[in-house]
Structure formats: structure tokens, C-alpha cells
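Residue numbers (our numbering): 749 to 1475. Glycine included, every Cβ here is placed at the ideal spot set by N, Cα and C. In this text, all values refer to a predicted model and were calculated from it rather than measured experimentally.
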């Protein structure tokens, strides 16, 4: 699985590709249609030329991004999914299905997935990769994404052994029930209670009001047999706040809900329509004492409560999920960029010889065969399209390096916690909160911009972007609303800057610290940017990002010290969290671009250019915060915009290669526009012909169902003339 030679060979072609479109004949389609070809130059011509002009090997970049072993896992896992003899994991009909059909189809996939995972003895990495490839939130998503991690981090050794054994083999199916109809981000406001009854050694779960109903819980509506429920622990008349309990919901014999539980689906949504997000109410429902997850907090048989050594120690699962969301946001944005960049290279509009001066296809096909007309210019050669899309490529790489950093630092933190060292917890919690907020916001906006950049065809589900965008959008809300989350990051930054000012010896000396810059000397101007070319230096850009973030934190700390209320500070808190996390993104990108693996693979150049583009485009987007204190001068602002244009031009030869480097197979893209082979128009037509409205009509002479009932009477008889007025 980790064989280097195998990985090189597999990665080189980014296989498997989508099947050739318009090969198999369909009922009711005339033969002459199959003789039609896309006009020259074809999408294949354009993408071949783009790949030929790249200055680096995309396969080498893929290995830098994911490592040889992970590349091998992706390819091997995809092979297993696509070799299923019943074609269970096909996405061919996904865009034509209604909600009930998609739910049932995904349930079928999940059932087969569980069987394959057991048969192949997949580990957690292989299961995660398989879910990424299937690429649709499933009925089991919360089972593997929240239920099992929560059991693992919150359960005692005995609880973990028992419950995880059942969960890993899908003998129980779990979900995570925290959010309520009336409460989301305010966990302390949750209403569901779990009252301890010492006489029977049980907890009694109860929903005291309608708004106490658990709501939005993925997998709860119709699928889950068990839930990790967040409820207020009450014992000996005292409320100890929200704690976690594992709660049986449905019978393992017939799947019927247990008495005392009312459960169902919350109804249709913008996306996630194959997930049964559910509601649940409890009516004095009893569970045994040992169903409380007691790794840290405990209630003994007599009802005495034993608090954890540190309240924040239970943050582990939440931080893990947020870290995972940062990493998955990178891949989501990369997917949007892949579709938009490839299609922009294929799509040609108008003719601008100057814009197309470096386009070999334009030169070859001017004039067009059999015509005096010039070849049209590829949309990707227009500077405005580059301005819209190239920063998205840069963002996807920036998110990737911080996503992997986030996962690494989470693992280090958990190891330290298990050894009794909690020093990393506050910093990692703050970083995970702010980065989850920023990266999912960036990805959601970037995917939508990529969709819009595809023009009219971007509105079609066949582009692969609208459905995917609607599936991604919940991530800006789940696991913490993106605006509210920034308060957690801001609180930490305010504490740190106060601590550093009171005791400079507390300023971190380790470069791995995310807040070392807060202790750096205060500069009044961007002295490291002495000439325009200095803006290509990532250390110079980091100086500006660090200054901006520190200034915003210090200014807010000063205001609050003078009496500004927490509520009046929320807007500034959002700004300092974003500034801090943009600094982290750039810092991690710089590290990734200069890493020895990148140098060895020969991709330091293109990575460095992308890193500079990320820095410059982010600075331009947030320019007011860099110039309002005079740190960046008017002259430097002019340099910034000039260098941004030059950097866009430097990215241009590698644009397609940079998205190819993600190695996202056509199976995942599920896009007519973003196919690796460039056959966008052929694929669009084939997918349109397979639309059930067309298929069903062709079975009846191409006459649509409903014609006899509604259209025929209207057309044949006409509308009745309006009655004449009697006035």
C-alpha cells in the first residue's frame, strides 16, 4: 500500500477517469446525433496544452501534499469501491434523485460500506478515505465522525472496550445529540436533564419543554440505534451542567423506538438530503448509571459527583472535529477550484490575441479549420478570471497545510493530556475554534465563486458544484457558528497579550507557538518592505500579518480595560480572530512551501509563488486593517497591487497542473465541467439525455407525461374567451 513505485505510477495519471461519454446508444436518440463532435479546439486539446506547459510534475506535488502512503490508500480504497459487482457506490443517478431516493441509496451504500470495511479490516484512515471518496454525508456520518470519537475520548477503558467494539462492527449505529430546538451554540443553556435516581442506580432523561427537543442530529431521524446525548446532570438536587450519556434509542430487534422516546426526521433541507437529521424528546426515560461517560466526570452509586481535574479536559472530541473540518475544508475548496480551473481552460469566449499570446492551442487553431474566424480565447487567459480563481487555488493549499498542522498538533495535545500535561490545550482550543470559523468560511465562499466563474453551466447540477456547495454549507454552522466561535479565539488572544505585557518572560521562544508574534516589538511602519520586489518575500508578508493582528488585539484590550463591554467588543473580536488565523494560515503555508519534502520533489518554486499569492490577495482583501494605522504606506499599497498582478501572471502556466496535483478523481468530482479528459460538452449532453424527464418522454414518442391531462386540452381547445362586460 505504501510502495513508492506503485504510488508514482498511480498518481501520474490520476486514474480512474470517468467513462467515455456518448458511447453507448440510448433509446429514442437518432443515429445522426452520435456523429456530432464538439467543435475544435476540443476540451482535450486545451487541457493537454495546459499540462504540457507546466513547470513541475503534478504527481510529485501530490506526494508532497499527501505523502506516498496516503496516496496509495486513496487509490487502493477507490479500487475496492469501484470493483463492487453490484455497482453499489455508483454516483451516476445522484443528481436525478429525490430526497427519499437519495436517503435509501445512501443507506444501501452505508450498509455495503460496513460489510466491506469488516471484510477488508479497514483501519480508521481507510474508513475516512472511503467516506471522502463516496463524498456524500451519509446516514453513518455521525457514527464515525462524532459518536465513536466521543466514546473514545470520554469513555472509561471499560466503556470504550464494550461500546467501541459494538460500534466498530456496526452492531450499533450511533449519533451525537447536543443541539436542541431552542439552543445551539450556548451549550450551557441546554434544557434536557439527566437526573440520578440512587434507589435504582439510574439516570432519568427528560425533556421539560418543546424547545428542549434534540434537533438537527444527523442519523437520528430514522437510522441510529444509540446516541451520545448531552444533558444537564442533576444529582442530590444540584445541577452540574451538561454531561454526556450513551442512550439506547431503538430496539436492536425491530428498530422501533423505546417507550419514553419520541423521535423523527426534521424534514427537507438545503442540502444533506441523504442524511436523516432528526429530533428527539424524552419523557422520564431511564438509563443505567454506567451509561454516563465517566472518563473524567463521575457519579458514584450513592449519587456523589466527582468533577474532572480540569473542566476543559473534555474538549478533546470537539477539538478533533474542528481540526478535521479545517483539513476537509481544504479538500472541498480544492474540488471547487479543480472544476472551475479546468473548465476555464476549456471554455473559450471572444478572441483576444494579446491575452492568448502564450496559448499554443489558440495559435494552432487560428484561423479555425474551414473558416476565416480566429480561435476564441480561453476564459482562463482573461486577467479578471485569473483574479477571481487563482487566489482560490492558493487558499486551498493554505488551508491544506494548516489542516494537517491542526491534526498533528491535536495528536500531540492528546498525548500530553494523557501524560497529565494540559499546557497545549488552551492554545489548540483557540486555534481550532478560529481556524474552523475562518477555513469553512473561506471554502464556502470559494466554492460559490468557483461555481459563478463557470458561467451559466455552473448553475447546472451537472457542473458538480451546486449540490456539493449545499452539502458543504452546514459546516459554517455545525460544531460552532462561525461568528460566535471567534469569541473563544479572541478571549485567548486577549489573555495572552495581557500576560506578555505584564511578564515578558512568558513570551514564547519556540517558533511553533501561534502567539509568539504578540510579544514582538511594535513597529510603526512596514520597514522590511523597502522596495516593490520585497513583497515577493514571505517573511516580509508575515511581518505585516503579525503586526496587523497584534495591533488589533492590543487596541481591543485597551478599549476593554477602559470599560468597553463584551457585547460592544464582539465586532472587534471577530476581526482579531480572523487576523490571527490568517497569520497562522500564511505561517503554515510558508513552512509547507519551504519544507525539505517540497525541495526534494522540485515543487518549491510553484508552492512559493502560490504562498505569495495567498499573502498578497489576503492583504488586498483586508487592506484597510493594514493601512489604517499607517503601517502600510500609500506607496506600498501601490506595490502590493502591482505585485499581485505579477503573481497572478506567474501562476498562470501552472494553473491546471496545480489543481491536477490534488489528484481528485472524476468519481469524486462527479462533474461534466471538471472532467480530467476535458470532455465537458459531451458529458453535459449525455447527462441531460439521462434526465428522467427526457428518458420517460422518449418511451412515449418524446411526449411528456401530463400532456394528455393538461397540455392537449389547452392547445386543442384553446382558452375560453373572456366574458363580455355587462356594464
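Residue i to residue j span [Cα, whole Å]
i, j, result
"residue 894", "residue 1011", "19 Å"
"residue 1114", "residue 1232", "55 Å"
"residue 1145", "residue 1082", "8 Å"
"residue 1027", "residue 927", "10 Å"
"residue 769", "residue 826", "21 Å"
"residue 722", "residue 954", "This structure cannot speak to residue 722, because the chain is shown only from 749 to 1475."
"residue 1430", "residue 1219", "26 Å"
"residue 922", "residue 993", "12 Å"
"residue 759", "residue 804", "Model confidence at residue 759 stands at a pLDDT of 40, short of 50, so the residue's coordinates are unreliable; what they give is reported in the following sentence. Between residue 759 and residue 804, the C-alpha separation is close to 14 Å."
"residue 1363", "residue 1134", "16 Å"
"residue 1070", "residue 1121", "54 Å"
"residue 1461", "residue 1207", "34 Å"
"residue 1248", "residue 1139", "35 Å"
"residue 891", "residue 967", "8 Å"
"residue 1288", "residue 1388", "12 Å"
"residue 761", "residue 880", "Legend: pLDDT at residue 761 = 46, less than 50; position of this residue unreliable, no value from coordinates given."
"residue 930", "residue 1375", "42 Å"
"residue 1052", "residue 988", "11 Å"
"residue 983", "residue 1035", "14 Å"
"residue 851", "residue 1187", "28 Å"
"residue 1102", "residue 1125", "9 Å"
"residue 1443", "residue 1132", "40 Å"
"residue 1255", "residue 1315", "29 Å"
Where residue i falls: helix, strand or coil (DSSP)
i, result
"residue 1344", "helix"
"residue 870", "coil"
"residue 1384", "helix"
"residue 1456", "helix"
"residue 1135", "helix"
"residue 994", "strand"
"residue 1111", "helix"
"residue 1126", "strand"
"residue 1271", "coil"
"residue 1105", "coil"
"residue 1322", "helix"
"residue 1303", "helix"
"residue 1009", "strand"
"residue 1039", "helix"
"residue 790", "coil"
"residue 1448", "coil"
"residue 1376", "coil"
"residue 1438", "coil"
"residue 825", "helix"
"residue 1328", "helix"
"residue 1172", "coil"
"residue 1353", "helix"
Residue i - partner residues in DSSP beta bridges
i, result
"residue 1160", "Per DSSP, none; premise fails for residue 1160."
"residue 982", "943, 987"
"residue 923", "975"
"residue 965", "1026"
"residue 1096", "1126"
"residue 1034", "952"
"residue 1280", "Per DSSP, none; premise fails for residue 1280."
"residue 928", "962"
"residue 1054", "1046"
Cβ shell of residue i (< 7 Å), same chain only, five flanking positions each side left out
i, result
"residue 1088", "1137, 1198, 1201, 1202"
"residue 1414", "765, 766, 1423, 1424"
"residue 1435", "1210, 1420"
"residue 1080", "1191, 1195, 1220"
"residue 836", "856, 857, 860"
"residue 1055", "1045"
Nearest-angstrom beta carbon gap, residue j and residue i [assumed within contact, 8 Å]
i, j, result
"residue 794", "residue 1109", "5 Å"
"residue 1407", "residue 1086", "4 Å"
"residue 1173", "residue 1150", "That pair is no contact at about 19 Å."
"residue 828", "residue 868", "7 Å"
6 Å CB neighbourhood of residue i in its chain, flanking five on each side removed
i, result
"residue 964", "927, 1025"
"residue 1452", "1445"
"residue 1366", "1330"
"residue 1403", "1089"
"residue 912", "899"
"residue 1242", "1305"
"residue 1291", "1276"
"residue 871", "none"
Cβ-based neighbour list, residue i, same chain, cut-off 8 Å, excluding 5 preceding and 5 following
i, result
"residue 1457", "none"
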